[in-house]
Amino acid sequence: LGWSIQRGTKAAQKAPDDAAQQCYKLCLRCAFLIEFHTIPAACIVNSDQMQLAFQFGGNTTWADHGAQQVPVLGKEEKRACTVVTGLSMGGTLLPFQSVWQGYKPKSLPFSGRANDPVLHPSQAAGHLFTLSKTRTYWSTLETMQVYVDDLLAPYLRNANQHTGRAPQADCVWVIDAWKVHRGEPFRQWMSDTYPWIHLLFVPAGCT
293 LGWSIQRGTK AAQKAPDDAA QQCYKLCLRC AFLIEFHTIP AACIVNSDQM QLAFQFGGNT
353 TWADHGAQQV PVLGKEEKRA CTVVTGLSMG GTLLPFQSVW QGYKPKSLPF SGRANDPVLH
413 PSQAAGHLFT LSKTRTYWST LETMQVYVDD LLAPYLRNAN QHTGRAPQAD CVWVIDAWKV
473 HRGEPFRQWM SDTYPWIHLL FVPAGCT
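For the record, in the sequence shown the residue sitting at position 42 is 334 according to my numbering, with numbers rising by one throughout.
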């Protein structure tokens with residue numbers, strides 16, 4: 293038949309032509325805030341989110357030898373969650389938030405039972421297991437609010453106090469340009485609820 297095993301193909305993400313200039317401007321904004329507000333390294337946090345797949349869909353199929361475009365049926369049929377991480381410039385790794393598809397606790401690992409011998413140590417360490425309450429496992433406005441309320445803001449308050457500053461002294465939070473992050477509802481909520489946390493974005497296509 294002239295077939296051979298082929299990997300599925302898709303267009304690669306392309307960095308913008310002015311990526312270097314956009315990243316330079318981000319550095320300038322960050323440097324200005326640090327200098328103007330005398331912000332210590334512990335009070336500057338960079339967060340990212342990534343897919344954590346624990347049951348993969350297929351990535352290969354039989355296709356014509358030399359084929360340039362290879363669709364793979366079932367490639368997206370996988371089980372995964374989104375993990376939101378945070379690292380301070382001072383080197384402190386914040387607890388993780390994992391976002392799970394579903395509406396009820398049974399959609400969480402071990403059905404979200406706080407006394408589960410496997411789940412309990414993770415929760416005791418501060419890690420969050422959050423339901424998306426949607427049909428996907430991607431971060432939403434609500435899950436990001438949980439992350440800020442329960443992880444980021446408490447960490448920054450403690451970091452401020454440990455460095456001899458007021459609990460709500462100015463801090464910097466650098467995150468990627470995910471559509472939820474850049475959306476007006478989240479930015480307005482941050483401005484209203486945490487005006488002391490300055491939000492900066494890594495330019496789109498530059499992560």
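Here a beta-carbon is modelled for each residue, glycine too, at the ideal position from N, C-alpha and C.
* Under 8 Å by Cβ, that's how I've got V375 and L411 pegged, so tell me the actual separation to the nearest angstrom. => Here the question's residue 375 lines up with position 83 in the sequence shown. Here the question's residue 411 lines up with position 119 in the sequence shown. No, V375 and L411 are not in contact; Cβ-Cβ is about 16 Å, not under 8 Å.
How big is the Cα-Cα spacing for L320 and Q480? Translated into positions along the sequence shown, residue 320 becomes position 28. Translated into positions along the sequence shown, residue 480 becomes position 188. Cα to Cα, the separation comes out at about 23 Å.
Check your understanding: Quick one: complete beta strand (DSSP E) runs, 3+ long, within the stretch 390-429?
Key -> Those beta strand (DSSP E) runs which fall completely within the stretch 390-429 and span 3+ residues are 420-423.
Measuring straight from C-alpha to C-alpha, what distance separates L423 and A417?
Your numbering for residue 423 matches position 131 in the sequence shown. Your numbering for residue 417 matches position 125 in the sequence shown. Here the alpha carbons of A417 and L423 stand approximately 19 Å from one another.
Rounded to the nearest angstrom, what separates A461 and M436 at their Cα positions? Translated into positions along the sequence shown, residue 461 becomes position 169. Translated into positions along the sequence shown, residue 436 becomes position 144. A461 and M436 have their C-alpha atoms some 21 Å from each other.
Point to revise | Which of helix, strand or coil DSSP assigns to A311 | key: In the sequence shown, counting from the first residue as 1, residue 311 sits at position 19. If DSSP states are grouped into helix, strand and coil, A311 belongs with the helices.
Point to revise | Range covered by the beta strand (DSSP E) that runs through W481 | key: Taking the sequence shown and counting its residues from 1, one reaches residue 481 at position 189. W481 -> not in any beta strand (DSSP E); alpha helix (DSSP H) instead, spanning E476 to T485.
Taking V440 as part of the beta strand (DSSP E), name the residues at either end of that continuous run. Residue numbering aside, residue 440 sits at position 148 when the sequence shown is read from its first letter. Segment: none, V440 is in no beta strand (DSSP E) and carries neither H nor E.
*Do Q389 and W470 have their C-beta atoms within less than 9 Å of each other?*
The residue given as residue 389 occupies position 97 in the sequence shown. The residue given as residue 470 occupies position 178 in the sequence shown. Remark: C-beta atoms of Q389 and W470 do not approach each other more closely than 9 Å.
Next on the checklist: With distance defined between alpha-carbon atoms, name the residue in V464, T428 and C498 nearest to M381.
Outcome noted: Counting from 1 along the sequence shown, the entry for residue 381 is found at position 89. Proximity to M381 across V464, T428 and C498 peaks at V464, based on C-alpha coordinates.
- Taking the DSSP output, what are the residues bridged to V466? Here residue 466 corresponds to residue number 174 of the sequence shown, with the count starting at 1. Bridge partners of V466: N338 and L492.
So, with DSSP's three-state summary, where would you put F346?
As a first step, residue 346 must be located in the sequence shown, where it is residue number 54. It is a strand residue.
(request) Determine the closest residue to V466 out of W430, T499, S414 and D310, with distance taken between C-alpha atoms. (result) To locate residue 466, count along the sequence shown from 1; it is residue 174. Among W430, T499, S414 and D310, the Cα nearest to that of V466 belongs to T499.
* Throw me the rounded Cβ distance for the L433 and F478 pair, which I believe falls under 8 Å. => Position 141 of the sequence shown, counting from 1, holds the residue named residue 433. Position 186 of the sequence shown, counting from 1, holds the residue named residue 478. Contact between L433 and F478 holds, with the beta-carbon distance rounding to 5 Å and staying under 8 Å.
Return the chain-ordered list of same chain residues with a C-beta closer than 8 Å to the C-beta of T455, the five sequence neighbours on each side being excluded. Taking the sequence shown and counting its residues from 1, the one referred to as residue 455 is at position 163. If we look at T455 and ignore the five residues flanking it on each side, its Cβ neighbours are P332, A334 and C335.
For N450, count neighbouring C-beta atoms within 10 Å of its own C-beta (all shown protein chains included) and say buried if the count is 16 or more, exposed if not. Sequence index remark: in the sequence shown, residue 450 carries index 158 (1-based). Exposed is the call here.
Open item on the list: DSSP three-state label for C373, please.
Closed with: Within the sequence shown, residue 373 is the residue found at index 81, counting from 1. Strand, per DSSP.
- Could you tell me which residues DSSP puts in a beta bridge with S431? Here residue 431 refers to the residue found at position 139 of the sequence shown. S431 is not bridged to any residue.
Open item on the list: So, for Y242: in the same chain, excluding its five sequence neighbours on each side, which residues have a beta-carbon less than 6 Å away from its beta-carbon?
Closed with: Shown here, the chain extends from 293 to 499; a query on residue 242 therefore has no answer.
Exercise. Could you give the DSSP three-state label for L379: helix, strand or coil?
Key: Along the sequence shown, one-based indexing puts residue 379 at 87. Strand, per DSSP.
* Helix, strand or coil: which one does DSSP assign to L385? -> Within the sequence shown, numbered from 1, the residue matching residue 385 stands at position 93. Strand.
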